Amino acid sequence: MAAIEWRSDLETGIAKIDNQHKEIFRRINDFLAACEQGKGKDELEKTLAFLTDYVQIHFKDEEDLQIQSKYPDYEAHRKQHQDFRKNIIEVQNKLKAEGASLATVLLVNRIVVNWLVAHIGRVDKAFAEYLKKQA
Ligand SMILES: [Fe+2]
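Quick note on numbering: the sequence shown equals residues -4 to 130 in my numbering.
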């Protein structure tokens, strides 16, 4: 799978959030590069562990900002974050049960990587637009 590219239109304008998103992209790209080299299985556990810890902080930062700014779509946004955490747990369980397999690597690409890119590009972006209007 090709690397995901950071584009300026993904920027929310909130430096803290943008830096966290860029870090997520960077780590996903490390993982995708490992996949290209046939080392995806080796990197799976590390990548999932990183994402589990990192999104905990990152999602909370986003949600705090949404509460502070009285964002009307806060509940729906928070629900998406919860769904993502469930996805990660699902993949980790699969990893524990089956070990690292090509199927797990593909599952990560489908429900973790694609989810994050879509979420940042649409849902986080919508919040950023709202925030800009409040300023
Ligand atoms: Fe978000």
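Beta carbons are placed, not taken as given, at the ideal position from N, Cα and C, and that holds for glycine. Keep in mind that this is a model prediction, so the values were computed, not measured.
Counted within 10 angstroms of its Cβ, other Cβ atoms place residue i as buried (16 or more) or exposed
i: Asp119; result: buried
i: Leu97; result: exposed
i: Ile115; result: buried
i: Gln51; result: exposed
i: Ile12; result: buried
i: Gly35; result: buried
i: Ile23; result: buried
i: Gln15; result: buried
i: Gln32; result: exposed
i: Glu38; result: buried
i: Glu57; result: buried
Rounded distance between the beta-carbons of residue j and residue i, thought under 8 Å
i: His72; j: Phe122; result: 6 Å
i: Leu43; j: Leu90; result: 7 Å
i: Leu46; j: Ile83; result: 6 Å
i: Tyr66; j: Ile19; result: Not a contact, Cβ separation roughly 21 Å.
i: Ile(-1); j: Val112; result: 6 Å
Limits of the unbroken alpha helix (DSSP H) element including residue i
i: Arg22; result: 10 to 31
i: Lys34; result: No alpha helix (DSSP H) holds Lys34; DSSP gives it neither H nor E.
Any non-hydrogen atom of ligand 2 within 8 Å of residue i CB
i: Asp119; result: Absence of ligand 2 from the depicted structure is noted, with ligand 1 being the only ligands included.
Worksheet item: Whole beta strand (DSSP E) runs in the stretch 66 to 130 with 3 or more residues, listed along the chain?
Response: none
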